[in-house]
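Note that the protein sequences, when read in sequence, are chains A and B. Just so you know, we're using numbering that gives the first Met the number 0 here: the first sequence kicks off at 0 and counts up by one. Just so you know, we're using numbering that gives the first Met the number 0 here: the second sequence kicks off at 0 and counts up by one. Glycine included, each C-beta is placed from N, C-alpha and C at the ideal position. A short write-up of the structure that comes next.
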Amino acid sequence: MDVMRDLADKLVLDRNGREIGRVDRVLVNMSTSPPRVVGFEVGPAVLATRLSPLLGRWVAGLERALGIECDRPLRIDVAEIIDRAPHVRVDRLFSDTPARLVEDKIQQALPRLRGAA
Amino acid sequence: MSAIFDLVLGIVTSIGGFVEAGSISTAAQAGSEFGFQLLWAIAIATLMLAMLVEMSGRLSAVSKRSMAAAVRERFGIEFQIIPFTAELAIDTLLLAAEIGGAAIAIKLLSGVQWQWWVIPLGGLAWAILWCCGFGVVEYGIGLLGLVTLSFVYSAWRLQPATDSIVASLVPSVPQHDSVRYAFLAVSIVGATVSPYLLNFYSSGSLEEKMAEEELWVNRVTSYVGMCFGGVVSMGVLVTSALVLQPQHIVPDSYEQAALMFVPVFHKWAVPLFAAALGIGCFGAAVELALNAGYVCSQVFGWSWGANRPRRDAARFSAAFTLVLATALLVGVLGFDPLRLTLLSVALTVVIMPFVVLPFLALMNDPRYVKKHGSGPIGNVLLAVLTLVGGLMAIVVIPLEVLGG
């Protein structure tokens, strides 16, 4: 598998086509020869760590402060990948991911006007 | 028939949505200070915009990805963080400037200080984004924006010398104040080729589910719509050159710029200028805020879409709400909208290479555009113009700021 082309930074969809996030970190088992992709992670702290470890720690702290750190980062095994093109579709449901918790919290904060119905 | 309807609607709304705070202020100042001499900057900027907008629509129609999403996938977050943060910051400043421009338009009509209108206008923009779909934002505001054609009518009635206009389409050296001339040229390019327009257009193509077979509609809409839009912008410059320059009025406020309509529209000058400015600025503000939601969602892989129920795209809604709130804060702090506009549009040119060059790479990558890649002439032209503009901006912005 060409990791950079097929997986890194791709959009991740659940089995119904709902957006979960993007592939923020690819997990590679370096103890095998050749090294093997075993899965990937989705989450803002993981993404921020790619830019700077310090930024990653800050974002992880922010997640804790907002009470949304539960089950983060979302780790998905390579066996759960249903499709890789054009987007990465996985055998998960959006409602079972940490992203659902964030969406729920925002919905509570934003007013329930007509557009929200 | 539907394709023809889409085509006409697209062209008409492109014209109506072309002029906003940036283009009005830069063209008005350019006309009042240098006559027709900077018309070439509008012509070049319009050509660049038409080419880039056509490309962004083509990218979406073929790859089914917006520009921001494709850049994240192709170049990774390590690169994208630069254009993403820069664009978000400048868009927030521009959003504050556009709301300020719309607030000044209401002040022109009501006499009440413009700062009082910032929060109500922000609330109205938010309500439109919250309650309406993409069609209302794009077509509704674009159709209302046709009032900006009053600039073209005004320029036509003032009977400018055609040969002078044609001669001004070729770049020339100014006889005075060359730094100011270069700064205004850069600002005109920045006001016209706003990076937000590219992602907004590509996201809009996805919202409207543009298919690969409709690429010809995209091409005609982009080139015809943007070129006519450029004519509106030229109308501002020509009117300003013919009315304000002979009276040595350099509009350092929108109130002064409104005077350019007096010889043609007489008692209707101020209401008409206020309507053109207000609708142009307010429409751009709504699009800027919506695009902030688009960009954040597409970079991070959230659910997005103006046509989606807000409960299914809560992070998208939160993103445009937050950016709008930040811009309102800037507006309430009382920054002069005209100065904020000029600074934002000039800064836009600095970040343009970070936006345009990766985009050109995408437009030549068959994994994204298949056989619909861009030609060498377009690639080279856009790359050279973007780099020259960026370098020019880096030189003239500090000179202009230091020179007051």
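Cβ-based neighbour list, residue i, same chain, cut-off 8 Å, excluding 5 preceding and 5 following
i, result
"B:Val7", "none"
"B:Gly132", "Ala305 and Asn306"
Residue i, buried or exposed, once every other Cβ within 10 Å from all chains shown has been counted against 16
i, result
"B:Gly189", "buried"
"A:His86", "buried"
"B:Thr340", "buried"
"A:Ala108", "exposed"
"B:Glu213", "buried"
"B:Pro375", "exposed"
"A:Ala84", "exposed"
C-beta neighbour in chain B for residue i, strict 9 Å
i, result
"A:Glu68", "no"
"A:Asn15", "no"
"A:Leu53", "no"
"A:Leu10", "yes"
"A:Ile81", "no"
Own chain residues within Cβ distance below 7 Å of residue i, not counting five before or after
i, result
"B:Gly389", "Val348, Val349, Met351 and Pro352"
"B:Leu287", "Asp90, Leu93, Leu94, Glu97 and Tyr195"
"A:Asn28", "Pro34, Arg35 and Val37"
"A:Arg56", "none"
"A:Gln106", "none"
"B:Ala49", "Ser221, Tyr222, Met225 and Cys226"
"A:Val82", "It should be noted that the sequence gives Asp, not Val, for residue 82 of chain A. Contacts found: Arg88."
CA-to-CA distance, residue j to residue i, given in whole angstroms
i, j, result
"B:Leu120", "B:Gly282", "11 Å"
"B:Leu107", "A:Asp90", "58 Å"
"B:Trp215", "B:Gln114", "45 Å"
"B:Ala184", "B:Ala40", "6 Å"
"B:Val395", "B:Phe182", "6 Å"
"B:Ser373", "B:Arg57", "10 Å"
"B:Leu38", "A:Phe93", "52 Å"
"B:Arg338", "B:Ala291", "22 Å"
"A:Ala47", "A:Glu68", "14 Å"
"B:Ala274", "B:Leu236", "18 Å"
Residue from the options whose Cα sits closest to the Cα of residue i
i, options, result
"B:Leu401", "B:Val368, B:Ser22 and B:Val178", "B:Val178"
"B:Leu276", "B:Ala2, B:Leu341 and B:Val18", "B:Val18"
"B:Asp311", "A:Glu102, A:Leu53 and A:Asn28", "A:Glu102"
"B:Pro357", "B:Leu37, B:Ser55 and B:Ser22", "B:Ser55"
"B:Asn306", "B:Leu359, B:Gly203, B:Ser221 and B:Leu380", "B:Gly203"
"A:Ala98", "A:Thr48, A:Lys9, A:Gly55 and A:Leu73", "A:Leu73"
"B:Arg314", "B:Pro82, B:Ser296 and B:Leu327", "B:Ser296"
"B:Ala382", "B:Asp364, B:Gly372, B:Ile393 and B:Val354", "B:Val354"
"A:Arg126", "A:Cys69, A:Val25 and A:Ser30", "Within the shown structure, residues of chain A are numbered from 0 to 116, placing residue 126 of chain A beyond reach of any answer."
"B:Phe272", "B:Gly144, B:Ile376, B:Leu168 and B:Ala291", "B:Gly144"
"B:Glu137", "B:Ile393, B:Ser316 and B:Ser13", "B:Ser13"
"B:Thr325", "B:Gly139, B:Leu87 and B:Val379", "B:Leu87"
"B:Ser59", "B:Ile103, B:Met209, B:Ala20 and B:Ile23", "B:Met209"
Cβ shell of residue i (< 6 Å), same chain only, five flanking positions each side left out
i, result
"B:Leu51", "Leu197"
"B:Phe334", "none"
Contact with chain A by residue i, beta-carbon distance below 9 Å
i, result
"B:Ile80", "yes"
"B:Arg57", "no"
"B:Thr320", "yes"
"B:Gly122", "no"
"B:Lys63", "yes"
"B:Glu206", "no"
"B:Phe17", "no"
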